[in-house]
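Per the numbering used here, residue 48 is the first one in the sequence shown, and the count goes up by one each step.
Quick reminder that beta carbons are idealized off the backbone N, C-alpha and C, glycines included.
A short worksheet on the structure shown next.
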Amino acid sequence: MTCPIFRQHGERNTEPWLLGNVSFTAVMKVMALRQSLRPYIESELAHTAFTGFPFNRPLLFDFPADAPAWGITDQYMVGRHYMAAPVYAMGQRSRAVYFPSGSNWTHYFTGEMYAGGSTAVVDAPLNEFPLFAASSLNVHEGGANGEFGK
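Now the structure itself:
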(Lines of atoms letter the chains of each structure in order from A; the text may use other names.)
(Lines give C-alpha, C1' and ligand atoms only; values in the text may rest on other atoms or scores of the structure.)
Protein backbone atom coordinates (compact mmCIF):
# COMPACT_ATOMS: atom_id res chain seq x y z
CA MET A 48 0.00 0.00 0.00
CA THR A 49 2.77 2.44 0.82
CA CYS A 50 4.93 1.57 -2.18
CA PRO A 51 4.84 3.64 -5.37
CA ILE A 52 3.14 0.79 -7.25
CA PHE A 53 0.60 -1.41 -5.47
CA ARG A 54 0.80 -5.01 -6.61
CA GLN A 55 -0.54 -8.04 -4.87
CA HIS A 56 0.71 -11.13 -6.64
CA GLY A 57 3.24 -13.86 -6.23
CA GLU A 58 3.76 -17.60 -6.48
CA ARG A 59 0.61 -18.40 -4.53
CA ASN A 60 -2.96 -17.23 -5.03
CA THR A 61 -3.26 -13.83 -3.37
CA GLU A 62 -6.61 -12.61 -4.63
CA PRO A 63 -8.29 -10.87 -1.67
CA TRP A 64 -11.41 -13.02 -1.84
CA LEU A 65 -9.29 -16.16 -1.34
CA LEU A 66 -7.79 -14.98 1.96
CA GLY A 67 -10.84 -15.42 4.20
CA ASN A 68 -13.30 -12.84 5.49
CA VAL A 69 -11.04 -11.12 8.04
CA SER A 70 -8.16 -10.77 5.60
CA PHE A 71 -10.48 -9.81 2.75
CA THR A 72 -11.95 -6.98 4.83
CA ALA A 73 -8.47 -5.77 5.82
CA VAL A 74 -7.18 -5.86 2.23
CA MET A 75 -10.24 -4.00 0.94
CA LYS A 76 -9.75 -1.31 3.61
CA VAL A 77 -6.11 -0.89 2.58
CA MET A 78 -7.07 -0.73 -1.10
CA ALA A 79 -9.66 1.96 -0.30
CA LEU A 80 -7.01 3.86 1.68
CA ARG A 81 -4.65 3.64 -1.27
CA GLN A 82 -7.34 5.06 -3.54
CA SER A 83 -8.12 7.89 -1.11
CA LEU A 84 -4.42 8.79 -0.99
CA ARG A 85 -4.06 8.70 -4.76
CA PRO A 86 -3.78 12.50 -5.17
CA TYR A 87 -1.05 12.57 -2.51
CA ILE A 88 0.77 9.63 -4.08
CA GLU A 89 0.62 11.18 -7.55
CA SER A 90 1.87 14.51 -6.20
CA GLU A 91 4.74 12.83 -4.36
CA LEU A 92 5.66 10.74 -7.42
CA ALA A 93 5.80 13.96 -9.45
CA HIS A 94 8.10 15.37 -6.76
CA THR A 95 10.20 12.20 -7.05
CA ALA A 96 10.44 12.60 -10.83
CA PHE A 97 11.42 16.26 -10.49
CA THR A 98 13.94 15.96 -7.66
CA GLY A 99 15.14 12.37 -7.87
CA PHE A 100 14.33 11.88 -4.18
CA PRO A 101 12.92 8.41 -3.55
CA PHE A 102 9.23 8.00 -2.73
CA ASN A 103 10.01 5.59 0.13
CA ARG A 104 13.07 6.47 2.15
CA PRO A 105 14.64 6.00 5.58
CA LEU A 106 13.81 8.52 8.29
CA LEU A 107 17.35 9.92 8.26
CA PHE A 108 16.75 11.20 4.73
CA ASP A 109 14.11 13.69 5.91
CA PHE A 110 15.40 14.17 9.45
CA PRO A 111 19.22 14.29 9.16
CA ALA A 112 19.66 16.34 12.36
CA ASP A 113 17.64 13.82 14.41
CA ALA A 114 20.31 11.43 15.72
CA PRO A 115 17.89 8.64 16.77
CA ALA A 116 16.37 8.63 13.27
CA TRP A 117 19.70 7.38 11.93
CA GLY A 118 19.28 4.14 13.88
CA ILE A 119 15.70 3.38 12.81
CA THR A 120 15.73 0.62 10.20
CA ASP A 121 12.14 -0.65 10.36
CA GLN A 122 10.17 2.54 9.65
CA TYR A 123 10.19 4.68 6.55
CA MET A 124 8.78 7.82 5.00
CA VAL A 125 6.07 7.57 2.37
CA GLY A 126 6.72 10.73 0.42
CA ARG A 127 7.47 13.84 2.44
CA HIS A 128 4.51 13.79 4.82
CA TYR A 129 3.64 10.22 5.86
CA MET A 130 5.58 7.70 7.90
CA ALA A 131 4.91 3.95 7.93
CA ALA A 132 5.92 1.66 10.79
CA PRO A 133 5.21 -1.83 9.47
CA VAL A 134 4.60 -4.87 11.61
CA TYR A 135 6.74 -7.76 10.39
CA ALA A 136 5.83 -10.71 12.63
CA MET A 137 2.74 -12.81 12.10
CA GLY A 138 0.26 -12.19 14.89
CA GLN A 139 2.05 -9.09 16.17
CA ARG A 140 -0.55 -6.44 17.06
CA SER A 141 1.58 -3.62 18.47
CA ARG A 142 5.03 -2.16 18.06
CA ALA A 143 7.31 0.61 19.28
CA VAL A 144 7.38 3.59 16.94
CA TYR A 145 9.88 6.44 16.96
CA PHE A 146 8.46 9.82 15.94
CA PRO A 147 11.14 12.06 14.40
CA SER A 148 11.79 15.52 15.80
CA GLY A 149 10.74 18.56 13.86
CA SER A 150 7.10 17.54 13.54
CA ASN A 151 4.26 16.17 15.58
CA TRP A 152 2.58 13.09 14.17
CA THR A 153 -1.04 11.99 13.81
CA HIS A 154 -2.05 8.34 13.55
CA TYR A 155 -3.95 8.08 10.27
CA PHE A 156 -6.66 5.76 11.58
CA THR A 157 -7.12 6.80 15.22
CA GLY A 158 -6.28 10.51 15.08
CA GLU A 159 -4.03 10.11 18.12
CA MET A 160 -1.23 12.69 18.26
CA TYR A 161 2.41 11.93 19.06
CA ALA A 162 5.17 14.43 19.85
CA GLY A 163 8.24 14.51 17.66
CA GLY A 164 11.33 13.09 19.33
CA SER A 165 9.32 10.54 21.29
CA THR A 166 8.80 6.78 21.15
CA ALA A 167 5.48 5.08 21.86
CA VAL A 168 4.04 1.58 21.68
CA VAL A 169 1.29 1.74 19.09
CA ASP A 170 -1.48 -0.77 18.44
CA ALA A 171 -1.29 -2.46 15.05
CA PRO A 172 -4.52 -4.34 14.37
CA LEU A 173 -4.68 -6.18 11.07
CA ASN A 174 -6.89 -3.57 9.42
CA GLU A 175 -5.21 -0.40 10.76
CA PHE A 176 -1.45 -0.56 10.33
CA PRO A 177 0.77 2.13 11.88
CA LEU A 178 0.63 5.03 9.41
CA PHE A 179 1.29 8.57 10.59
CA ALA A 180 0.94 12.01 9.04
CA ALA A 181 3.34 14.82 9.82
CA SER A 182 1.72 17.84 11.49
CA SER A 183 2.07 19.74 8.21
CA LEU A 184 -0.57 17.48 6.64
CA ASN A 185 -4.30 17.72 7.31
CA VAL A 186 -5.10 14.01 7.16
CA HIS A 187 -8.83 14.28 6.68
CA GLU A 188 -8.90 17.08 4.13
CA GLY A 189 -6.24 15.52 1.92
CA GLY A 190 -3.30 17.58 0.92
CA ALA A 191 0.03 18.50 2.30
CA ASN A 192 -0.39 22.24 2.84
CA GLY A 193 -2.66 22.31 -0.21
CA GLU A 194 0.00 20.81 -2.46
CA PHE A 195 -2.11 18.18 -4.23
CA GLY A 196 -1.99 18.59 -7.96
CA LYS A 197 0.90 21.06 -7.94
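Contact check, residue i vs residue j, beta carbons under 7 Å
i	j	result
residue 129	residue 180	yes
residue 113	residue 148	yes
residue 123	residue 151	no
residue 33	residue 145	Residue 33 is absent from the structure shown; the chain starts at 48 and stops at 197.
residue 134	residue 73	no
DSSP state of residue i mapped onto helix, strand, coil
i	result
residue 128	coil
residue 142	strand
residue 153	strand
residue 103	strand
residue 74	helix
residue 178	strand
residue 167	strand
Reference residue i, options the options, closest by Cα
i	options	result
residue 80	142, 175 and 60	175
residue 87	172, 160, 163 and 127	127
residue 125	178, 60 and 183	178
residue 77	89, 156 and 97	156
residue 182	85, 119 and 158	158
residue 137	173, 99, 82 and 90	173
8 Å contact criterion, which residue i and residue j should meet: CB distance rounded
i	j	result
residue 131	residue 142	Actually they do not touch by this definition, with Cβ atoms about 11 Å apart.
residue 160	residue 153	6 Å
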